[in-house]
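Asker:
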Amino acid sequence: YNEVNKILEYFTIWILLEIFMGSASFHVIPLYNNIRSGVFSASDHSFENGTLYEYAIYHHIPFEENNIIYAIIFVLNLMLVFDGSSSFCIYDLLMSTIIIHVWGHLKIMKHHLENFPKPEAEISEGKTDGIMYSKQESQMIFNMLKENVEHHKLIMQFMDSFLSAFGVMMCVYYLFHQVSGCILLLEMSTLNTEAFVSYSLLTLVMFQQLIQTSVMFELIGSKSEVIKDAVYGVPWECMDEKNRKIVLFFLYNVQTPIRLRAMGLVTVGVQTAAAIIKTSLSYFLMLRTLTNN
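719 is the number of the first residue of the sequence shown in the numbering used here; add one for each residue after it.
Okay, structure coming up:
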C-alpha cells in the first residue's frame, strides 16, 4: 500500500500543477495584448482605436467598461477557467485513484499466489515428486485458497460497481476528448505565435490526460492477465482432491481478464486513445491543406 500511496501522491501533485498552469496560460495572451495596446491607460475604449479589452471569456456587460470592471471580470474568468479545468482534471485523478488501488489489489493477490507454501516434507527431505500436504497443511491451504477466491470476488464486484457508476461518464469523457482535440487543433491550425501560446499547453495537457487515463485502464487488463498464470503456478499437484477442485474453480474464474467498457459496449484503453489522437491529427492536417490551398 505504500507504493500505491506514493504513486497517487505524485499523481495528485502533477494534476494540481496541470490545473494551475493550464488556468494561468489561458489568460496570458489576453493580458499581454491588453498591456501592449495600452488599454489600461486609455480613457476611451473602442474597437476603432484598438483599446478594447480582451478577455479569456467574454461576457455581455450592460454598462461601460473600465479598469475596475475589467479586474472584476478577470478574477471571475480565473475562477471559471479554474473550475472548468478542475472538473476534468479531478475526474482524471479520481479514475487514476480507483484504477491504481485495483492494480494494487491485483499485485497483492499475485504476490500471495506466487508465494504459496510448499509441503514441509518436500522442504525437509529435498524431494519434489509425490510429496503431498499433510492433513493440517491441507486445512491451511484451504483457508489460503478461500481468502484468495474471496479477494478476487471482491475485486470483480467492485469493478462491476465501478462500471455501473462511471460507464456513461467514461463514454462522455472520450467523446469530450474527441471533440476538444479537434477544436484545439483547429485553433492552432494558423500556427501563429498567439495561437501557439494560447493553446499549445492546453492541447498538450488534454492529450496527456487522455493517454494517461487510457494507460491506466489498460494497466488493469494487463495485470489481471498474469493472475491466471499465478493461479496455475500454485503447487496444486501437492493438494488433496478438495483443494484441487477449488484451484480449478479459481482458475476458471480468472480466465477472463478485466476489461473496462464504456456503457458496457466499447472497450476503452490505449487503442481508444490512439484512435482519438489519430482522428484529431487527421482533422488538423485536412485544415492545414485547405488553408494552404
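Cβ coordinates follow ideal geometry from the N, Cα and C atoms, glycine included.
What separation, rounded to the nearest whole angstrom, lies between the Cα atoms of Ser-942 and His-830?
Answerer: Approximately 14 Å, taken between the alpha carbons.
Asker: Given that a residue counts as buried once 16 or more other Cβ atoms are within 10 Å of its Cβ, and exposed if not, what is Asn-833?
Answerer: Exposed: under 16 other Cβ atoms inside 10 Å.
Asker: According to the Cβ coordinates, are Ile-733 and Leu-811 closer than 8 Å?
Answerer: Closer than 8 Å, so yes.
Asker: Buried or exposed, going by whether 16 or more other CB atoms sit within 10 Å of the CB of Ser-805?
Answerer: Exposed.
Asker: In its own chain, which residues sit with a C-beta less than 8 Å from the C-beta of Gly-885, not counting the 5 before and 5 after it?
Answerer: If we look at Gly-885 and ignore the five residues flanking it on each side, its Cβ neighbours are Arg-979, Ala-980, Met-981, Gly-982.
Asker: From this set, Asn-961, Tyr-950, Ile-976, Arg-977, which residue's C-alpha is nearest Leu-969's C-alpha?
Answerer: Measuring from the Cα of Leu-969, the nearest candidate turns out to be Tyr-950.
Asker: Short of 8 Å in beta carbon distance, which residues of its chain neighbour Val-972, apart from the five on each side in sequence? Order them along the chain.
Answerer: Same-chain partners within the cutoff: His-870, Ser-942, Ile-945, Lys-946, Val-949.
Asker: Apart from the five residues on each side of it in sequence, which residues of its chain come closer than 7 Å, Cβ to Cβ, to Ile-859?
Answerer: The answer, listed in chain order, is Tyr-851, Met-957, Asn-961.
Asker: Within its chain, find whatever has a CB closer than 7 Å to the CB of Val-988; leave out the 5 residues flanking it on each side and keep chain order.
Answerer: Cβ within range, chain order: Ser-932, Val-933, Glu-936.
Asker: For the stretch 721-736 against the stretch 778-795, are there 3 or more C-beta pairs whose distance is under 8 Å?
Answerer: Verdict: no, contact absent.
Asker: So what's Ala-992 in DSSP terms, helix, strand or just coil?
Answerer: Looking at Ala-992 - three-state DSSP - the assignment turns out to be helix.
Asker: What does Thr-730 pair with, by DSSP beta-bridge criteria?
Answerer: Answer is none; Thr-730 lacks a bridge partner.
Asker: According to the Cβ coordinates, are Val-952 and Met-877 closer than 8 Å?
Answerer: Taking 8 Å as the Cβ cut-off, Val-952 and Met-877 do not qualify as a contacting pair.
Asker: Given a cut-off of 8 Å, decide if Leu-863 and Val-965 are closer than it, judged by their beta-carbon atoms.
Answerer: The answer is yes: Cβ separation under 8 Å.
Asker: Counting pairs of beta carbons, one from the stretch 990-1005 and one from the stretch 909-918, are three or more of them closer than 8 Å?
Answerer: Touching, no.
Asker: Tell me which same chain residues have a C-beta within less than 7 Å of the C-beta of Met-1057, skipping the five on either side of it?
Answerer: Nothing about residue 1057 can be reported from this structure: the residues present for the chain run from 719 to 1011 only.
Asker: Using C-beta distances below 7 Å, list every residue in its chain close to Gly-740, excluding the 5 sequence neighbours before and after it, in chain order.
Answerer: Here the set comprises Ser-803, Leu-919, Leu-920, Val-923.
Asker: Whose C-beta lies closer than 8 Å to the C-beta of Glu-661 among residues of the same chain, with five residues either side of it excluded?
Answerer: No statement about residue 661 is possible, as the shown extent of the chain runs from 719 to 1011 and does not include it.
Asker: Please report how far the alpha carbon of Glu-868 lies from the alpha carbon of Phe-967, in whole angstroms.
Answerer: When rounded, the distance between both Cα atoms is 12 Å.
Asker: So Gln-896 and Ile-994 are in contact, right, with Cβ under 8 Å, and what is the actual spacing, rounded?
Answerer: Contact holds; Cβ gap of about 5 Å.
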